[in-house]
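The numbering of the sequence shown is our numbering, which starts it at -14 and goes up by one. First up is the structure itself, then whatever we jot down about it.
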Amino acid sequence: MGTDTHPTGQQDPGTSAQVADVPASWPVESSQERYSGPVFTLTTDRVEMPDGPDGGTVAAARDYLRHPGAATVVALDEQGRVLLQRQYRHAVRHKLWELPAGMLDVEGEPPVATARRELVEEAGLRARTWNELPSMLASPGVSDEVVHLFLARGLSVVPEEENGFVRRHEEADLVAAWVPLEEAVGLVMGGQVRNGITMFGILAAHTAARNGFADLPDVSER
């Protein structure tokens, strides 16, 4: 059976079973690194792109940020509450409520190991059970950043003497709150929580909770 044409003129892929992101790479005519810093690199590629319905191509410049990626933790306690932390974000001039997270800035460290480390450093917590939530592309129009999300349960407090991490800059001003997951969804839908990764993590965890997280891969031993 062939695909149908949508009223917009675009091809209809058919059923929802056929809808899935797939790897692809258009030819790059040239690439120029414009800036390199401690967090990201700004690159300009000239990419060969379709140029109308006749099958021709044209080279068009595309700027994007190359980012090492990040790991984010949805930490749930025994009462079904999620840990949120308020942190200043200078780019948007706001203090935002967020999930514990950190960059994949240790070479060779698996994302779940980064998540474990960040939970200890930022929240002073360990988790007995780790499950993998869907990963997300934070802003694919301008960045290659992949955010890996994990659900952490069976929490316990790390004694201060075992956590040598010293909070500095934005992290020195962290404020924590434990919010029932259902209420956290309400905060997202009501616009009180607007960090995109946090919104995604809360909604993903809430969806996964419907069957007791049975469909999530267990990565506790990784």
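In this text, a Cβ means the ideal position worked out from N, Cα and C, and glycines have one as well. In this text the structure is predicted, and so the values were computed from the model without any measurement.
7 Å is my cut-off, CB to CB: does residue 111 come that close to chain C?
Judged by its chain identifiers, the structure shown contains no chain C, having just a single protein chain.
Roughly how many angstroms separate the alpha carbons of residue 61 and residue 54, rounded to a whole number?
23 Å
Just verifying my parser: in three-state terms, what is the DSSP assignment at residue 96?
It is helical.
Is it a yes or a no for the segment 101 to 116 touching the segment 16 to 34, going by three-plus beta-carbon pairs under 8 Å?
no
C-beta contact flag for residue 132 and residue 42 at 7 Å
no
First and last residue of the beta strand (DSSP E) that includes residue 208?
One cannot answer for residue 208 here, as it falls past the ends of the chain, which runs -14 to 207.
Under 7 Å between the Cβ atoms of residue 166 and residue 77?
no
Any idea what DSSP makes of residue -14, helix, strand or coil?
Bear in mind that a pLDDT of 44 at residue -14, under 50, signals an unreliable position, so the number given afterwards is only what the model happens to contain. If DSSP states are grouped into helix, strand and coil, residue -14 belongs with coil.
Who are residue 135's beta bridge partners in DSSP?
58, 117
Enclosing beta strand (DSSP E) for residue 50 [first to last residue]:
42 to 51
Local Cβ density within 10 Å of residue -13, reported as buried at 16 or more and exposed below that:
A caution first: residue -13 carries a pLDDT of 47, below 50, which makes its placement in the model too unreliable to give a value.
Do you know how far the Cα of residue 124 is from the Cα of residue 206?
30 Å
Determine the direct distance from the alpha carbon of residue 11 to that of residue 162, and round the result to whole angstroms.
Taking the straight line from one Cα to the other gives about 45 Å.
Start and end residues, beta strand (DSSP E) containing residue 87:
86 to 88
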